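Data block below; observations after.
Numbering (our numbering), first residue to last: 1467 to 1797.
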């Protein structure tokens, strides 16, 4: 039997507590701002219980996305190739407004707003990767963890288009200007990260996840345990890369132990601004490094073994030889 009881909140405004008690079902209650809304809710719960279609969604109201993100990072990510990088993505999601939404309130409208807000800061490809992760977290909660989720909010929105592949190369003088500007950043890590990216073609996440135990100065190698593609790989270290690593204080754990994704996200654009360099992203350094490998005479297969690209066709996108360098070979 359902009842609606009028109450008054701390501000003196009327509220309506709806209750439904039925034999064989747990007691339900919810507060509403209007009596009509409370009556509709009572009628809907009673009809669902009568028809046998009732879903007890109280746990959806009690559980925040934060709890799902944390559980997923603890139980699911460690089982994946690329789990370390996925944990970094989850750490960013834990700082986002989505983490504070309950499962019941995570709607398509919420996800659309989050998508549009994210697109102001990052590319569509990044948003799509994050949507894939959020969607899988929700599906895991629905299929494996017993949450009665009817609709996955991620599946209720359109995905942004992936941008065309960039072919941004460093122009004469830009590398020197960028490194000089990087020396001005707090902590002194940015120059080392930039130089290692240019020498190894490592992604930002791979550099941040790199462990000292996976670096051999003697053999001049670094081992990437888990990459974006889910596969590990060995990266040869040039003499310059070794010199850079020797500048970094060697401790246990990560090479860039105190550096976060957000720190690099803020410091790199700041260094570009100081150097008066436009339209350069950290990922462009990977493109630059890969192109330099080809210009030095490495084969596509050799370059791919360093960069971790899974096919020659993918690597061709990064190989954008500069015309001014090719002109010298024509003389």
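Ideal Cβ positions, reconstructed from N, Cα and C, are used throughout, including at glycine.
As the structure is a prediction and not an experimental result, all values here were calculated from the model.
Residue from the options with nearest C-alpha to residue i
i: residue 1745; options: 1563, 1644 and 1625; result: 1644
i: residue 1564; options: 1665, 1577 and 1753; result: 1577
i: residue 1542; options: 1526, 1530, 1604 and 1581; result: 1604
i: residue 1553; options: 1568, 1567, 1534 and 1566; result: 1534
i: residue 1687; options: 1771, 1775 and 1640; result: 1771
i: residue 1739; options: 1528, 1640, 1752 and 1631; result: 1640
i: residue 1615; options: 1634, 1567 and 1525; result: 1525
i: residue 1474; options: 1482, 1468 and 1467; result: 1482
i: residue 1642; options: 1574, 1496, 1507 and 1743; result: 1743
i: residue 1560; options: 1599, 1586, 1574 and 1587; result: 1599
i: residue 1593; options: 1682, 1495, 1702 and 1558; result: 1558
i: residue 1627; options: 1597, 1668, 1647 and 1700; result: 1597
i: residue 1601; options: 1610, 1611, 1621 and 1587; result: 1621
i: residue 1469; options: 1478, 1480 and 1495; result: 1495
i: residue 1505; options: 1484, 1489 and 1488; result: 1484
C-beta atoms of residue i and residue j nearer than 8 Å
i: residue 1556; j: residue 1570; result: no
i: residue 1691; j: residue 1680; result: yes
i: residue 1708; j: residue 1658; result: no
i: residue 1775; j: residue 1632; result: no
i: residue 1537; j: residue 1566; result: no
i: residue 1756; j: residue 1741; result: no
i: residue 1573; j: residue 1514; result: no
Neighbour-count burial assignment, residue i, 16 or more Cβ in a 10 Å radius
i: residue 1733; result: buried
i: residue 1511; result: buried
i: residue 1493; result: exposed
i: residue 1661; result: buried
i: residue 1721; result: buried
i: residue 1486; result: buried
i: residue 1467; result: exposed
i: residue 1625; result: exposed
i: residue 1516; result: exposed
i: residue 1672; result: buried
i: residue 1509; result: exposed
i: residue 1730; result: buried
i: residue 1664; result: buried
Span of the beta strand (DSSP E), counted from its first residue to its last, around residue i
i: residue 1702; result: 1699-1702
i: residue 1688; result: 1687-1690
i: residue 1471; result: 1468-1474
Run of the alpha helix (DSSP H) containing residue i, from where it starts to where it stops
i: residue 1482; result: From DSSP, residue 1482 is part of no alpha helix (DSSP H) but of the beta strand (DSSP E) over 1480-1486.
i: residue 1775; result: Counting along the chain, residue 1775 falls outside any alpha helix (DSSP H), and DSSP gives it neither H nor E.
i: residue 1602; result: 1590-1609
i: residue 1671; result: 1670-1675
i: residue 1731; result: 1727-1740
i: residue 1625; result: Segment: none, residue 1625 is in no alpha helix (DSSP H) and carries neither H nor E.
i: residue 1823; result: In this structure the chain extends from 1467 to 1797, so residue 1823 is not present and cannot be described.
i: residue 1706; result: 1705-1713
i: residue 1665; result: 1656-1666
Min CB distance residue i to chain E below 8 Å
i: residue 1576; result: Any reference to chain E falls outside this structure, which holds one protein chain only.
- Contiguous beta strand (DSSP E) assignments of at least 3 residues, all confined to the segment 1492-1578: With a minimum length of 3 residues, the continuous beta strand (DSSP E) runs that stay inside the segment 1492-1578 are 1494-1498.
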